[in-house]
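Participant:
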Amino acid sequence: MMRERTVNKHQVLQSVEEATLSRDPERIRATLARRTESEATPEEALEALTRGMERARTLFQDRRLPLPELLLTLDVFREGLGLLKPLLHGKTRPKRGASIVIGVVEGDVHDLGKNIIAAILEMSGYRVRDLGKDVKRDAFLEAVREERARILAISSMMSTPLDNMRELIAWARKLSPAMGVLVGGAALDQTLAVKLGADGYAADAGTVVGEVGRLLGRRPRAADARPG
791 MMRERTVNKH QVLQSVEEAT LSRDPERIRA TLARRTESEA TPEEALEALT
841 RGMERARTLF QDRRLPLPEL LLTLDVFREG LGLLKPLLHG KTRPKRGASI
891 VIGVVEGDVH DLGKNIIAAI LEMSGYRVRD LGKDVKRDAF LEAVREERAR
941 ILAISSMMST PLDNMRELIA WARKLSPAMG VLVGGAALDQ TLAVKLGADG
991 YAADAGTVVG EVGRLLGRRP RAADARPG
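For the sequence shown, our numbering begins at 791 and goes up steadily by one.
1) Count the other CB atoms, across all protein chains shown, that sit within 10 Å of the CB of residue 949; report buried if there are 16 or more and exposed otherwise.
2) Give me the DSSP bridge partner(s) of residue 998.
3) Fully enclosed by the stretch 864 to 945, which beta strand (DSSP E) runs are 3 residues long or longer?
4) Can you give me the Cβ contacts of residue 841 inside the same chain, cut-off strictly under 7 Å, excluding the 5 residues immediately before and after it?
5) To the nearest angstrom, how far is the alpha carbon of residue 972 from that of residue 910?
6) What is the rounded straight-line gap between the Cα of residue 932 and the Cα of residue 925?
7) Quick check on DSSP: helix, strand or coil for residue 855?
8) Check the DSSP bridge columns for residue 984 and list the partner residues they point to.
9) Tell me where the beta strand (DSSP E) around residue 797 begins and ends.
10) If you pair each beta-carbon of the stretch 807 to 823 with each one of the stretch 837 to 853, do three or more pairs fall below 8 Å?
11) Could you compute how far the alpha carbon of residue 916 sits from the alpha carbon of residue 894?
12) Could you check what DSSP says for residue 1006 in three-state terms: helix, strand or coil?
13) To the nearest angstrom, how far is it from the Cα of residue 815 to the Cα of residue 824?
14) In this structure, how does DSSP classify residue 836 when only helix, strand and coil are distinguished?
15) Can you grab the Cα-Cα spacing for the pair residue 860 / residue 905, in whole Å?
16) How far does the alpha helix (DSSP H) with residue 960 in it reach, from first residue to last?
17) Grab me the residues of residue 799's own chain with a C-beta within less than 7 Å of its C-beta, minus the 5 sequence neighbours each way, in chain order.
18) Give every residue of the same chain whose Cβ lies closer than 7 Å to the Cβ of residue 811, excluding the five residues on either side of it in the sequence, and list them in chain order.
19) With burial defined as no fewer than 16 other Cβ atoms inside 10 Å of the residue's Cβ, what is the status of residue 857: buried or exposed?
20) If you draw a straight line from the C-alpha of residue 852 to the C-alpha of residue 912, how long is it?
21) I'd like to check one pair, residue 832 with residue 878: are the Cβ atoms closer than 7 Å?
22) Could you check whether residue 834 and residue 855 sit closer than 7 Å to each other, using their CB atoms as the reference points?
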């Protein structure tokens, strides 16, 4: 009888997710090496990696994971991204390395999720300019102008700065009508993103690369919003 050589894809992807939480870089290296024994694609491995990081972030927010352990998890996450980058090249990387400006809107200092998103986008081949947290409107607009950004990615974990976000989107639309605006964060959902004037919404780190690709492939708006 021939030996069964196929490794269960679901098990491998689950192992990738768990290895991300292990805070052990060697474990993530060994687990990702097993991916080639299954039918799991690099994109699916990236999704599993980000699910593990999202779980760690949730544990941290619930005060069930100390900050030092969260930072170790982030190191493992980055190790995994580095291993997947050559495999993702040419699949998720846009032509000529599209420029993305990213930051947390003025009035919010929560930037862990934004840091993860920025790392994923950079490792996927995009040119990312990270402005940090509590970023003023004019700083965003200046960066968009300097970088000739194709995408503006802004986030907020709180509802109080959403008026700032709406205003920023309107001014960004005036400055660069063809640019895609992507929003995310705990304060938002798809419906609210549309109301704010955004072109796209990323629910979590696992969906952001696909959403950016969708925005880069869309046609420019017929009319741009104006600041009120």
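Cβ atoms here follow ideal geometry from the backbone N, Cα and C, with glycine treated the same way.
Facilitator: Reading off the structure:
1) By the neighbour-count rule (16 or more Cβ atoms within 10 Å), residue 949 is not buried but exposed.
2) Its beta-bridge partners do not exist; DSSP assigns none.
3) Counting only runs of 3 or more, we get 889 to 894, 917 to 920, 941 to 945.
4) So the qualifying residues of the chain are 807, 996.
5) So the alpha carbons of these two residues sit roughly 15 Å apart.
6) Rounded to the nearest angstrom, the two C-alpha atoms are 11 Å apart.
7) When secondary structure is reduced to three states using DSSP, residue 855 falls in the coil class, being assigned neither helix nor strand.
8) Bridge partners of residue 984: none, in fact.
9) Premise fails: residue 797 is in no beta strand (DSSP E) and is neither H nor E.
10) Between the stretch 807 to 823 and the stretch 837 to 853 there are three or more C-beta pairs closer than 8 Å, enough to call the two in contact.
11) Using only the alpha carbons, I get a separation of about 18 Å.
12) Three-state DSSP puts residue 1006 in a helix.
13) Taking the Cα positions, residue 815 is about 15 Å away from residue 824.
14) DSSP, read as helix, strand or coil, puts residue 836 in helix.
15) Looking at the two C-alpha atoms, the distance is approximately 13 Å.
16) Here the alpha helix (DSSP H) through residue 960 covers 952 to 965.
17) Result list for residue 799: 828, 829, 830, in chain order.
18) By the criterion of a C-beta distance shorter than 7 Å, residue 811 is surrounded in its chain by 842, 845, 846, 863, once the five residues flanking it on both sides are discounted.
19) Exposed, because fewer than 16 other Cβ atoms sit within 10 Å of the Cβ of residue 857.
20) The alpha-carbon atoms of residue 852 and residue 912 are separated by roughly 28 Å.
21) The answer is yes: Cβ separation under 7 Å.
22) Not in contact: residue 855 and residue 834 (Cβ atoms no closer than 7 Å).
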